[in-house]
Every structure is written in C-alpha cells, then in structure tokens.
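Oh and the sequence shown: position 28 is 873 in my numbering, straight run, nothing missing.
A short worksheet on the structure shown next.
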Amino acid sequence: MILALTREETKILEEQNCIRCSECLNACPVNLQPISISNAYRAGDIEETKRLGVLNCIDCGACSYICSSKIDILGDIRAVKQKVLESR
Ligand code: SF4
Ligand code: SF4
Numbered sequence: 846m847i848l849a850l851t852r853e854e855t856k857i858l859e860e861q862n863c864i865r866c867s868e869c870l871n872a873c874p875v876n877l878q879p880i881s882i883s884n885a886y887r888a889g890d891i892e893e894t895k896r897l898g899v900l901n902c903i904d905c906g907a908c909s910y911i912c913s914s915k916i917d918i919l920g921d922i923r924a925v926k927q928k929v930l931e932s933r
C-alpha cells in the first residue's frame, strides 16, 4: 500500500508542544509521569529520570498512544532506560 498524504495531513503526525492535559499520566498503568521523564531525558537529566522511576516502565506504549500532541514519549523512555541500564 502506498500512502500519499498531503502537506496538511503530515502536519498532524508531527510532534506538537505538550498541552499539559495529563492524559499520559492517567494512562500509565504503573503510575509514572511519562512526560516528566521525557522532559528530563531531553534536558539531559538522567538522574531525574531515575528519580521519576523510569526503570518501572513496562514499555506498554499507552502514554505515546494517548498523547494528542504526538510526543514520542515511549521513544524517549526506551532511550533513557537503555542508558541507565548500560551505566550499571
Ligand atoms: S510506556 Fe511506560 S511510561 Fe508509558 S504508559 Fe506504559 S508504563 Fe507508563
Ligand atoms: S498526553 Fe501528551 S500533551 Fe498530554 S500531558 Fe502527556 S505529553 Fe503532554
């Protein structure tokens, strides 16, 4: 199948700013603050991601799925988990 999206349609798929709706928090089955972990990772603060419990993430993807701003939260969380595990 070939997808032929218009410029306007592709914009919908681009990451937008967080609107602080808290839906990613509500969706997380292990009560993490997914966007806070993502923000800490993007700020380079790995210690803060650990404090926020990044290693408790079960990789379900609910946070990314629910996010209307299409923020790649799961991608960030996976990346930081990898970094934390490698540094052990
Ligand atoms: S992927 Fe991790 S942080 Fe996101 S909702 Fe699932 S458990 Fe929570
Ligand atoms: S679901 Fe998306 S827009 Fe809403 S608070 Fe989480 S990261 Fe921000």
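Positions of the beta carbon are idealized from the N, C-alpha and C atoms, including for glycine.
- By the Cβ rule, the stretch 904-923 counts as touching the stretch 859-866, because three or more pairs are nearer than 8 Å.
- Proximity to GLU868 across MET846, ALA907, CYS902 and VAL875 peaks at ALA907, based on C-alpha coordinates.
- Excluding the 5 residues flanking it on each side, LEU858 has same chain C-beta neighbours closer than 7 Å at LYS915, in chain order.
- Excluding its 5 nearest sequence neighbours in each direction, SER883 has C-beta neighbours in its own chain below 6 Å: ILE918 and ASP921, listed in chain order.
- With a beta-carbon spacing of about 6 Å, VAL899 and VAL929 fall inside the 8 Å limit used to define contacts.
- Annotation: the continuous alpha helix (DSSP H) that includes THR894 extends over 891-896.
- LEU897 places its beta carbon less than 8 Å from that of SER881.
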